[in-house]
Amino acid sequence: MSRPQVLVARAVFPQVLERLAQHFEVQANPTDTIYTPAQLTLQLQGKAGAFTTGSERIDAALLAACPQLRVVANLAVGYNNFDIPACTAAGVLATNTPDVLTETTADFGFALMMAAARRMAESEHFLRRGEWDRWSYDMFTGSDVHGATLGILGIGRIGQAIARRGALGFGMRVIYHNRSRLSAEQESPLNARYVDKTTLLKEADHLVLVLPYSATSHHSIGAADLALMKPTATLTNVARGGIVDDAALAAALRQRQIAAAALDVFEGEPRVHPDLLTLPNVVLTPHIASATVATRRAMADLAASNLIAALTGATPPTPINPQVLLGGVLPRR
Ligand code: 8YV
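Each residue of the sequence shown is one higher than the one before, starting from 876 at the first, in this note's numbering.
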C-alpha cells in the first residue's frame, strides 16, 4: 500500500523531516518559500496531511480544493490561520502545539515587559549612536517592575506563567481580565485578582496581552483603551498582531499617553506600522517569543506527532477539533 503524502509547508528541522519520512512521502520546502493561497492549494494536491505554520491559511476555499486533505498540524499554539469550523465541516483534523512553549514564551513576555519598563532598547540605541558622554541622575529613568501592578489580559497557560513570574519572582500585585475567571486554586498561588477590563487598564503599571486572536479580540486595545491607562504604564503584546490597533498605539506612545510598549507581534506582520519604527519608546522584536532551540524543536516534534498519529490510526496528542475523531482516531475516508 502506498504511503500517505504530506506537505511540510515551511522549512523545519531536518531531524523532524527524517522522522516524518519514516511514515510518509514527504514534500518539504527547503527554500522556505511562503506559498500564496493558490500555490499552497497546488502544493497540497494529493496530500493527506499538512505541516503548517502561522503563514499558511487553511480556509473553506482551500479545503474544498484539496479533498484529500485529512489533517493540518500547526507549528504554533495559536491557530487563527485556521478556519476551525470549516475544518470540522470538512472532517479535517486541526492540531496545534500547546504547553511545550508556555514557559519559554512567558520568559520572553516578561523580558519584553522589563525591557519596556527599564528602557533597555532605547538606551542601547543611544549608546550605539555614540551619544553617551556622561552619567546623569535622570538618564533613561524608567519604572520599577518589582512591587508594581502587573495586569494580564487573557489568562490562559502563558498568561498564568507570566503572572507566576511577576507574583513569585518580583513581588508584583497581579490583576487580570479574561472571558472566564480562574478557579480559586489557580488564583490563590498568584494572589491574582479578577477585575473588569476598565479596572485592568486603569490600575496596571505593566499590562501584558496574552489572549488568542479572533474576530472578537480584534483591536481589543484601541485609542479609547489606551486613554484609560496610566501615563507611566507599559504595554506588552506577545499574543497576536491585530489585538492592538497599532496606529492608535503609535499615537499614544508619541503623545506619551503611556510611557512605553514592547511588541513581538504586529498587525500585518512581517510589515510593521511605520510610525512604530520611528518611536524611541517601543521595543520591537520579530515574533520570536517561542524561539529557543529546545522549544522550537519541541513544537516541531509535537506537530509531527500529531500528523503521524492522525494518519496512522493513533490518537493525536493535541487536537483542536477532536469532534472529527471517532473513538479518538481519525476515521479513514
Ligand atoms: C509560532 C506563535 O512560532 O505558537 C504561536 O502561536 O505565535 C509562535 O510560537 C509562530 O506562530 C509560527 O507558527
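We put the beta carbon where it would ideally sit given N, CA and C, even for glycine.
Check, Outcome
"Can you grab the Cα-Cα spacing for the pair I1050 / P1149, in whole Å?", "32 Å"
"To which residues of the same chain is V1135 closer than 6 Å at the C-beta, ignoring the five residues directly before and after it?", "In the sequence on display, residue 1135 carries Ala and not Val. Excluding positions up to five away in sequence, the list reads A991, T1109 and N1156."
"Which residue or residues does DSSP assign as beta-bridge partners of Q902?", "L882"
"Quick one: is N1066 buried, meaning 16 or more other Cβ sit within 10 Å of its Cβ, or exposed?", "exposed"
"State yes or no: is the C-beta of M1174 nearer than 8 Å to some heavy atom of ligand 1?", "yes"
"How long is the line joining the alpha carbons of G929 and G953, rounded to whole angstroms?", "8 Å"
"Would you mind working out which of P1064, V1083, E1062 and S1063 sits nearest K1072, comparing C-alpha positions?", "V1083"
"Starting from F926, trace the beta strand (DSSP E) in both directions and tell me its first and last residue.", "G924 to T927"
"Return yes when the Cβ of A1042 is within less than 9 Å of the Cβ of L1025, no when it is not.", "yes"
"Near ligand 1, which residues have their beta-carbon less than 6 Å from any of its heavy atoms, given in chain order?", "T928, G929, L950, A951, V952, G953, L976 and S1165"
"Please report the residue range of the beta strand (DSSP E) in which A1136 lies.", "A1135 to L1138"
"Provide the residue span of the beta strand (DSSP E) that contains R1056, from first to last.", "Unbroken run through R1056: none, as it is neither H nor E."
"So the candidates are A936, D907, V1199 and Q902; which of them puts its Cα closest to the Cα of K922?", "Q902"
"Cα separation between A1059 and R1068?", "10 Å"
"Could you tell me whether the Cβ atoms of Q920 and F899 are closer together than 9 Å?", "no"
"What does V946 pair with, by DSSP beta-bridge criteria?", "G924 and L968"
"May I have the straight-line CA-CA distance separating A1175 from V1158, to the nearest angstrom?", "28 Å"
"Taking 9 Å as the cut-off, decide whether the C-beta atoms of V946 and A1179 are in contact.", "no"
"Measure the beta-carbon distance from S1018 to D1100 and round it to whole angstroms, keeping in mind my assumption that it falls under 8 Å.", "At roughly 19 Å, the Cβ-Cβ gap does not stay under 8 Å, so S1018 and D1100 are not in contact."
"Please classify M1104 as buried or exposed, where buried requires at least 16 neighbouring CB atoms within 10 angstroms.", "buried"
"Out of curiosity, what's the CA-to-CA distance linking G1005 and A1189?", "60 Å"
"I'd like to check one pair, I1133 with I1118: are the Cβ atoms closer than 9 Å?", "no"
"For A1238, which of V975, L938 and Q943 has the nearest alpha-carbon?", "Since the first residue of the chain shown is 876 and the last is 1208, residue 1238 is not available in this structure."
"Which one of R1040, S1063, V887 and L938 has the shortest CA to CA distance from M988?", "R1040"
"Answer with buried or exposed for P1192, where buried requires no fewer than 16 other C-beta atoms within 10 angstroms of its C-beta.", "exposed"
"Would you list the one or two residues that DSSP bridges to R856?", "Any question about residue 856 goes unanswered here, given that the chain covers just 876 to 1208."
"Going by the CB atoms, is the gap between R994 and T1016 shorter than 9 Å?", "yes"
"Counting only the same chain and skipping the five closest in sequence on each side, list residues whose C-beta sits under 8 Å from that of H1000.", "P1155"
"Which same chain residues end up closer than 7 Å to R932 when comparing Cβ atoms and leaving out the 5 residues on each side of it in sequence?", "P912 and N956"
"Can you tell me where the beta strand (DSSP E) holding V1070 begins and where it ends?", "Premise fails: V1070 is in no beta strand (DSSP E) and is neither H nor E."
"Looking at C-alpha atoms only, which residue of P1145, I1030 and L944 is the closest neighbour of T977?", "I1030"
"Using CA coordinates, which residue listed in P960, T927, R1003 and D1121 is at the minimum distance from E1144?", "D1121"
"Rounded to the nearest angstrom, how far is the Cβ of F1032 from that of P1087, given a contact under 8 Å?", "In the sequence under discussion, the amino acid at residue 1032 is Arg, which differs from the Phe named in the question. Not quite, the Cβ-Cβ distance comes to about 11 Å (not below 8 Å), so this is no contact."
"Can you list, in chain order, the residues of its chain with a C-beta nearer than 6 Å to that of P1197? Leave out the 5 residues immediately preceding and following it.", "none"
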